[in-house]
Amino acid sequence: MVKYSEPLDTMFRALADSTRRAMVEHLVRGPASVSELAQPFDMSMPAVVQHLTVLEDAGIVTSHKTGRVRTVQLAPDALVAAGEWIGRQRLPAERRLDRLGELLAADDTEEN
1 MVKYSEPLDT
11 MFRALADSTR
21 RAMVEHLVRG
31 PASVSELAQP
41 FDMSMPAVVQ
51 HLTVLEDAGI
61 VTSHKTGRVR
71 TVQLAPDALV
81 AAGEWIGRQR
91 LPAERRLDRL
101 GELLAADDTE
111 EN
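The numbering of the sequence shown is UniProt numbering, which starts it at 1 and goes up by one.
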């Protein structure tokens, strides 16, 4: 198995799974118990906990236990690094598309 040494690699690996992304989307609305997070999925509780462990190991969520209830919430600024990385990749692509648009607009002007 490939070892992920960079935090960003670990984060993207965690978010690569649709179940974990759905859990993150649920947690955007606020903290939830593990059983609340498990409700929409047809999987065992140990499988749900395994998904949450991956998210917690990636620094995306945190959890705490009060009595018998484990509550999970998004970690503060958890997705900032991923958003910044995506933004850095998007900017050069947008600039290339802007230049292409300018070139096409210039060609249209010359034809008229």
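Every residue gets a Cβ at the ideal spot worked out from N, C-alpha and C, and that includes glycine. Since the structure is predicted, the reported quantities are computational estimates derived from the model, not experimental observations.
Contact between the segment 45 to 56 and the segment 84 to 102 is not established, with fewer than three Cβ pairs separated by less than 8 Å. By the Cβ neighbour-count rule, residue 60 is buried, with 16 or more other Cβ atoms within 10 Å of its own.
Taking 8 Å as the upper bound for CB-CB distance, residue 27 and residue 80 are not in contact here, some 16 Å apart. Rounded to the nearest whole angstrom, the C-alpha separation of residue 14 and residue 65 is 22 Å.
Per the coordinates, the alpha-carbon of residue 21 lies some 48 Å from the alpha-carbon of residue 110.
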